[in-house]
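For the sequence shown, the UniProt record's numbering begins at 1 and goes up steadily by one. Yeah, the Cβ is synthetic: ideal placement off N, Cα and C, and Gly gets one too. I have placed the structure first, in the form of structure tokens, so that the comments after it can refer back to it.
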Amino acid sequence: MPRATAPHRLFRDLAAAHGPLTHLQLGELHFLLVSSADSARQVTKTHDTAFANRPAMLASEDLAYNSTGIIFSPYGHYWRHLRKICTAELLSARRGLFVSSYDVTARAAVKAKTKERGEMVEILMESIKFMLKDFVDLRTDKSATTIEWAMSELIRNPSKLNKAQQEVRMVFDNKGSYIDEDKFDELKYLKLIVKETLRLHPPVPLLVPRVNSRRCEINGYEIPTNTRVIVNAWALGRDPEYWNDPEKFIPERFEESSIDFNWSNLEYIPFGAGRRMCAGGMLLGQANMELPLALLLYHFD
1 MPRATAPHRL FRDLAAAHGP LTHLQLGELH FLLVSSADSA RQVTKTHDTA
51 FANRPAMLAS EDLAYNSTGI IFSPYGHYWR HLRKICTAEL LSARRGLFVS
101 SYDVTARAAV KAKTKERGEM VEILMESIKF MLKDFVDLRT DKSATTIEWA
151 MSELIRNPSK LNKAQQEVRM VFDNKGSYID EDKFDELKYL KLIVKETLRL
201 HPPVPLLVPR VNSRRCEING YEIPTNTRVI VNAWALGRDP EYWNDPEKFI
251 PERFEESSID FNWSNLEYIP FGAGRRMCAG GMLLGQANME LPLALLLYHF
301 D
């Protein structure tokens, strides 16, 4: 493999030569590369429960609290409960308050019980914070990278940059450094830019690997148990079968399109799909892009 070739680009080339389902065997490990919307649908919808687990990886054990975080935790009751915590707290209407003050609130709420149970509650709260930390850290880091891509594309397309600036400055006219989030729904073109940027440059080009817990059949091929599946979201977003001029930055393509982040259309899954899709991608990730972009476009020429 040439050193300059990124894995998602190489895997797209392999798919072009060998088909949208490509089997790789690296030592004792079997990998299935998924590079088409139809095949991705089989993995994330038709056989979603079979592919809901994550493979055991040394990196996730060492860096993700022994795979106890929401991203790498095995599928089951524990993971469902953890996701429910994320949905109810981090991603609710109260998420800003929760993120800024959850430590104080938690300690106050369990003060009496802590006296009775020693350090148990303190340990539990620390564990929950660590479990959610990987979720927040990953989303923040990936959002920053995607913002860089958005600005890069806009700089290469001056007419689109000017159009976006005019919209932002018109909506937030005379607001100075203050950006009213209640008016973000009026930033129609900015939202199209975010969508198009995520199509060309998904935060995770190769979605976090899955592993199947039982044998299943995809497009006539039998997939053995414990096969590691990698969905190439980057290739799906550039598939000429679904996109006109797929390599070009054209935010307007989403203007009359029903394609959204809800993974109804598997050719567009920047935040993944199925049970293991990014819990906060559609809300937290999108907001983390729109606000900084709006500020940059408002204040700088």
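Item: Contact between the stretch 287-301 and the stretch 158-175 is defined here as three or more beta-carbon pairs at a separation below 8 Å; is this criterion met?; Value: yes
Item: Does the beta-carbon distance from V34 to N212 come in below 8 Å?; Value: no
Item: Looking at C-beta atoms only, is the number of pairs between the stretch 144-153 and the stretch 181-201 that lie closer than 8 Å three or more?; Value: yes
Item: For N288, which three-state DSSP category applies?; Value: helix
Item: Quick one, which of R275, E241, R228 and P251 has its alpha-carbon nearest L26's?; Value: R228
Item: In this structure, how does DSSP classify F261 when only helix, strand and coil are distinguished?; Value: coil
Item: Using the beta-carbon count (16 or more within 10 Å), is M289 buried or exposed?; Value: buried
Item: Are the beta-carbon atoms belonging to L293 and P7 less than 8 Å from one another?; Value: no
Item: For the candidate residues I155, L190 and R156, whose alpha-carbon lies nearest to that of R169?; Value: L190
Item: Thinking C-beta only, is Y75 closer than 8 Å to A56?; Value: no
Item: Apart from the five residues on each side of it in sequence, which residues of its chain come closer than 6 Å, Cβ to Cβ, to T44?; Value: A273 and G274
Item: Helix or strand or just coil, what does DSSP make of Y78?; Value: helix
Item: Rounding to the nearest angstrom, what Cα-Cα distance links E247 and L200 in this structure?; Value: 7 Å
Item: Specify, as a first and last residue, the run of the beta strand (DSSP E) that L24 falls within.; Value: L21 to L26
Item: Which runs of the alpha helix (DSSP H) at least 4 residues long sit entirely within the stretch 223-258? Give them in chain order.; Value: 233-236
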